[in-house]
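Some notes on the structure that comes next.
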Amino acid sequence: MCMLPATISNNVPGTDLSIGADTSINAIVETCDRIKQSASGTKRRVFIIETMGGYCGYLATVGGLAAGADTVYIYEEPFDIRDLQANVEHLTQKMKTSIQRGLVLRNESCNENFTTDFIYQLYSEEGRGVFDWRVFANSEDTACLLGMRRRALVFQPVSQLRDETDFVHRIPKEQWWLKLRPLMKILAKYKTSYDVSDSGQLEHVTRIRPKETNTSSAI
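The numbering used here puts the first residue of the sequence shown at -5, with every later residue one more than the last.
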């Protein structure tokens, strides 16, 4: 048996890189570049971006290195309020130079107390009058699923998908392909019909016995 490590977090032991991690890095860097490009005409602005990765800081670190981040908060390197204050002071001094933009990346599980919202509040207070800020994080208001529904791409808030999910079995409560199951009976020559309005639930196959009739033979 041979196993291939496939996770965007790149947190699998025994390998330097896992399948999907490079794609995630490219997505992070592209997002950071777009954010900085959109703010090219503004000054004295700091962007706080929350990345995925669980407790692994690979995505935030490499993504921040490639995007030119001023600081990156990760779980593997603990930090305290003094580190946050030092970062604010660094950005305050940076706003006095020709490059008046800041970029901060935070791994989603780097610290249970210093959340993205806490860092946002801290930067808002300590940077008042020096720079303003923007936050890009994975919250219920911002997280959505881009899915395909009947030949159309639809954005669906993740919070609204909870009622449609069977979390115990990790499957949707309604699955469109279940309506295809009666086709198996048709192709297998069972006496059945295909109804597109059928709920698609699995039915037991029963053999219908012909009724016994009294027949008389003529001589």
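We treat Cβ as the ideally placed atom computed from N, Cα and C, and that holds for glycine.
Predicted model only: the values in this text are computed from it and were never measured.
Just to confirm, are Gln87 and Lys37 a CB contact at a threshold of 7 Å?
The residue labelled residue 87 in the question sits at position 93 within the sequence shown. The residue labelled residue 37 in the question sits at position 43 within the sequence shown. Taking 7 Å as the Cβ cut-off, Gln87 and Lys37 do not qualify as a contacting pair.
Nearest CA to the CA of Asn101: which residue from Tyr52, Leu155, Asp157?
Counting from 1 along the sequence shown, the entry for residue 101 is found at position 107. Scanning Tyr52, Leu155, Asp157 for the CA closest to the CA of Asn101 turns up Tyr52.
Looking only at its own chain, which residues have a Cβ that is under 7 Å from the Cβ of Val148, when we skip the five neighbours before and after it?
What you label residue 148 is simply residue 154 of the sequence shown in a count that begins at 1. Gly141.
Return the chain-ordered ranges of every alpha helix (DSSP H) run that is complete within the region 126 to 181 and spans a minimum of 4 residues.
Whole alpha helix (DSSP H) segments, 4+ residues: 175 to 181.
Collapsed DSSP secondary structure at Arg100 in the structure displayed
What you label residue 100 is simply residue 106 of the sequence shown in a count that begins at 1. In the three-state scheme derived from DSSP, where H, G and I count as helix and E and B as strand, Arg100 is classed as strand.
Could you check the C-alpha separation between Thr25 and Ser18 for me, to the nearest Å?
For the purposes of this step, residue 25 is taken as residue 31 along the sequence shown, with counting starting at 1. For the purposes of this step, residue 18 is taken as residue 24 along the sequence shown, with counting starting at 1. When rounded, the distance between both Cα atoms is 11 Å.
Answer with buried or exposed for Cys(-4), where buried requires no fewer than 16 other C-beta atoms within 10 angstroms of its C-beta.
Mapped onto the sequence shown, residue -4 falls at position 2. Answer is exposed; the Cβ neighbour count stays below 16.
Any chance you could list the alpha helix (DSSP H) runs of at least 4 consecutive residues sitting entirely within the region 37 to 66, in chain order?
52 to 61, all fully within the region 37 to 66.
Determine the direct distance from the alpha carbon of Thr1 to that of Gly14, and round the result to whole angstroms.
Walking along the sequence shown from the start, residue 14 turns up at place 20. Walking along the sequence shown from the start, residue 1 turns up at place 7. The alpha-carbon atoms of Gly14 and Thr1 are separated by roughly 6 Å.
Can you give the Cα-Cα distance for Glu70 and Phe41, rounded to whole angstroms?
As a first step, residue 70 is located in the sequence shown; it is residue number 76 there, counting from the start. As a first step, residue 41 is located in the sequence shown; it is residue number 47 there, counting from the start. In a straight line, the C-alpha of Glu70 is about 22 Å away from that of Phe41.
Strictly by DSSP, which residues pair up with Ile13?
Counted from its first residue, the sequence shown places residue 13 at position 19. Ala0.
Sub-7 Å separation of Gly48 and Ser12 beta-carbons
By one-based count along the sequence shown, residue 48 stands at place 54. By one-based count along the sequence shown, residue 12 stands at place 18. Remark: C-beta atoms of Gly48 and Ser12 do not approach each other more closely than 7 Å.
Return yes when the Cβ of Thr65 is within less than 7 Å of the Cβ of Val98, no when it is not.
Position 104 of the sequence shown, counted from the start, is the residue given in the question as residue 98. Position 71 of the sequence shown, counted from the start, is the residue given in the question as residue 65. With contacts defined as CB atoms closer than 7 Å, Val98 and Thr65 qualify as a contacting pair.
Report the rounded CA-to-CA distance for Asp77 versus Arg143, giving the unit in angstroms.
If you number the sequence shown from 1, residue 77 lands on position 83. If you number the sequence shown from 1, residue 143 lands on position 149. So the two alpha carbons sit approximately 47 Å from each other.
Cβ-based neighbour list, Thr45, same chain, cut-off 8 Å, excluding 5 preceding and 5 following
Residue numbering aside, residue 45 sits at position 51 when the sequence shown is read from its first letter. Only residues of its own chain outside the window of five on either side were considered, and among them Ile22, Leu53, Ala54, Gly57, Leu99, Arg100, Asn101, Glu102 have a CB closer than 8 Å to the CB of Thr45, listed in chain order.
Pick from Gly62, Met178, Cys138: whose alpha carbon is nearest that of Arg28?
Here residue 28 refers to the residue found at position 34 when the sequence shown is read from its first residue. If you compare the alpha carbons of Gly62, Met178, Cys138 with that of Arg28, the shortest gap goes to Gly62.
Cβ-based burial, Leu59 [other Cβ within 10 Å; buried from 16]
Numbered from its first residue, the sequence shown carries residue 59 at position 65. By the Cβ neighbour-count rule, Leu59 is exposed, with fewer than 16 other Cβ atoms within 10 Å of its own.
Looking only at its own chain, which residues have a Cβ that is under 8 Å from the Cβ of Asp160, when we skip the five neighbours before and after it?
Mapped onto the sequence shown, residue 160 falls at position 166. Result list for Asp160: Pro166, Lys167, in chain order.
Just reading off the alpha helix (DSSP H) that Lys88 is part of, what are its end residues?
Along the sequence shown, one-based indexing puts residue 88 at 94. Here the alpha helix (DSSP H) through Lys88 covers 75 to 88.
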